[in-house]
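In the numbering used here, the protein residues as written are 812 to 1449.
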Ligand code: AMP
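What follows is the structure in structure tokens.
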């Protein structure tokens, strides 16, 4: 977390008490409340509780929130509540830094607008054919969600009119800045009606974003998520980064291999998910129940009583339903879905480590949620350790030892005479040894929950997703081929092994290549993208990060480029230099200017923001701009 972010979190300014209000209290319209009930959201997250009334009241807003806090609904719900359906011209525009986010946000709008007949949302992003977009725009839409470059193009071509715009949302402002879109964003702001409502969401507030807020927001209300300072020292906290394995498989491994396990609460985000996950765990032989706000008080109390008495070992709950539960035998809290904020996290993990006992809290975090994890660490002032998932062998060993314990106990405590004579009968009838018969019985006893953990064949997994009516998790969550998440735009930063997506959305491993043209030759990232895309016939989404150095540059491309493509790219020319494309071995650069940094990064200095991380030479990572900056003038809100 950056300084500005932590300052905000600790300032206490405009901090919102989460979960004390309901969606209905916030003043949302009935069709929207109905859609929220359908998707199973129980209560607003803290950013939603803070932002929705401000946006409904028509005020400008500066929201400090990152992905995972529920910020999409925080702006989508009030926009939808105020929409004039009869008027199919754009009333709201949401600008996002990436194509993926534009699609996600548009999908969220569609989900929340389920009961708004005739509602239309249109995602507009670079890379998609203009033909399709022009047709869709001509058909009309109430809400447009798009990336700045393409929106600007349509405004310039006048294929998009924002004359009737009421609300403009800038989503992930700091990411837009990092990706070099801020001038485009300002240009768009200047080409929208002055009386519009503007909301800016950003996880951090670098100077350039503050400036945008000052210039384009009119006395905005500031909303940030609440910081949690409660101490949770008695609890062992760890996280598993979702990768290589489906979350459910990871969960069962953890449940089976944790030696101090007694009982657990597993947190998920919605009521529907509590049922779904409880059913799946039950099918795998766990004694488990769901706990959510749809259950009446009596049913909830029954579940908690059973958990107390040992009739149940696991409860799958939402935040609200689990609030205040005091069951000393809860040894584990599992954050199956990451909480919205640090405060919710503290509430959740406080369900364990009670009455002086030890407790463990495990958090599942997808790669894109790692930022929220760091926010939680900062807010709770406690490190969250990286958890290495138990191996298959460890799980098998643990199951076998528990099985042996159960057999040993039955041998000493149970009256086995009847069963002994049964074995004798089987011995004669089947002509089998007692060992063989015991083996068959052991097999039957563990059939529901096998002692040996084996990776399921892919077809069985597919069947399982289908059985629960679930979309198959992305490849990186299923662990079928790659352990990394899809490559998200050009901001990922794992040199040499990023993952991109091919045209069917499958993951593609990226690797870093070096080319013999650098800043000294006057090259720009645009030249490089152009040459590689045109000469090598590669779609631009498969052209990743580009770093410019004095004498050479590096570019991330799929690691399995065909021989022909390699050959073409080796001999392609840019700025009168042959590229000589070759895998980058990370060797130090040929020339280092004396003093200071070896290579001046492209981008970072230009936007006046601190670089987020470093490249593998120890230099700051640059950020690529897709458009030339400074093309358009700027000015204040008109
Ligand atoms: P966002 O921060 O907008 O990316 O949202 C993160 C996730 O939280 C999305 O999957 C939403 O569906 C989910 N979500 C947002 N608000 C709520 C809520 N009030 N209750 C339950 N889930 C929510």
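From the three backbone atoms N, C-alpha and C, an ideal C-beta is built for every residue, glycine too.
By the 16-neighbour rule on beta-carbons within 10 angstroms, residue 992 is buried. The DSSP assignment places 978 to 981, 1008 to 1013, 1032 to 1035, 1046 to 1052 as complete runs of the beta strand (DSSP E) inside the segment 973 to 1055, in order along the chain (cut-off: 3 residues).
The three-state reading of DSSP puts residue 1254 in helix, counting H, G and I together. Here residue 946 is exposed, its C-beta having fewer than 16 other C-beta atoms within 10 Å.
Note that the segment 1013 to 1027 touches the segment 972 to 989; at least 3 beta-carbon pairs, one per stretch, sit closer than 8 Å. Counting only the Cα atoms, residue 860 lies some 32 Å from residue 1099. Under a 10 Å Cβ-count criterion, residue 1211 is classified as exposed, with fewer than 16 other Cβ atoms of the shown protein chains found around its own Cβ. Residue 1143 and residue 1173 do touch by the CB rule: their CB atoms are close to 7 Å apart, below 8 Å. Residue 1089 counts as buried, since at least 16 other C-beta atoms from the protein chains shown sit within 10 angstroms of its C-beta. Taking 7 Å as the cut-off, one finds no heavy atom of the ligand AMP near enough to the beta carbon of residue 1015.
Residue 1078 is positioned such that its CB atom lies closer than 8 Å to that of residue 1147.
Relative to the ligand AMP, the beta carbon of residue 870 is positioned no closer than 7 Å to any heavy atom. Close CB contacts of residue 1347 within its chain, under the 6 Å cut and outside five residues either way in sequence, are with 1376, 1379, 1380 (chain order). With fewer than 16 other Cβ atoms from the protein chains shown falling within 10 Å of its own Cβ, residue 836 counts as exposed. A contact is defined here as three or more CB-CB pairs under 8 Å, and the segment 864 to 875 meets this definition with respect to the segment 1014 to 1033.
Cβ neighbours of residue 1370 within its own chain (closer than 6 Å, five residues either side excluded): 1320, 1322.
In terms of Cβ geometry, residue 887 and residue 920 form a close pair [threshold 8 Å]. Annotation: residue 1157 to residue 1216 spans about 36 Å, alpha carbon to alpha carbon. Rounded to the nearest angstrom, the gap between the Cα atoms of residue 1236 and residue 1220 is 24 Å. A residue is called buried when at least 16 other Cβ atoms come within 10 angstroms of its Cβ; residue 935 meets this threshold and is buried. With a threshold of 16 other beta carbon atoms within 10 Å, residue 1223 falls short and is exposed. For residue 1078, the beta-bridge partners assigned by DSSP are 1128, 1146. Under the criterion of beta carbons closer than 8 Å, residue 1151 and residue 878 do not qualify as touching, at roughly 11 Å. The segment 894 to 907 makes no contact with the segment 1192 to 1204, as fewer than three CB pairs between them are under 8 Å.
Rounded to whole angstroms, the gap between the alpha carbons of residue 1335 and residue 964 is 21 Å. Distances taken from the Cβ of residue 1003 to the heavy atoms of the ligand AMP include none shorter than 7 Å. Under the three-state reduction of DSSP, residue 877 is assigned to coil, being neither helix nor strand.
The DSSP assignment places complete alpha helix (DSSP H) segments of no fewer than 4 residues inside the segment 1199 to 1235 at 1203 to 1224, in order along the chain. Contact holds between the segment 1063 to 1079 and the segment 1126 to 1134, because three or more Cβ pairs, one in each stretch, are under 8 Å apart.
Distance from the Cα of residue 1001 is smallest, within the candidate group 952, 974, 1074, 982, for 974. Non-local beta-carbon contacts of residue 1325 in its own chain, meaning distances under 7 Å to residues more than five positions away in sequence, involve 1363, 1365, 1393, 1395 in chain order. Residue 1069 has its alpha-carbon roughly 13 Å from the corresponding atom of residue 1047.
A distance below 6 Å between beta-carbons, with the five flanking residues on each side excluded, links residue 851 to the following residues of its chain, in chain order: 1081, 1082, 1083.
In terms of Cα proximity to residue 914, the closest of 932, 898, 1349, 1185 is 932.
The closest heavy atom of the ligand AMP lies 7 Å or more from the beta carbon of residue 1394. Of the other Cβ atoms in all chains shown, 16 or more fall within 10 Å of the Cβ of residue 1262; this residue is therefore buried.
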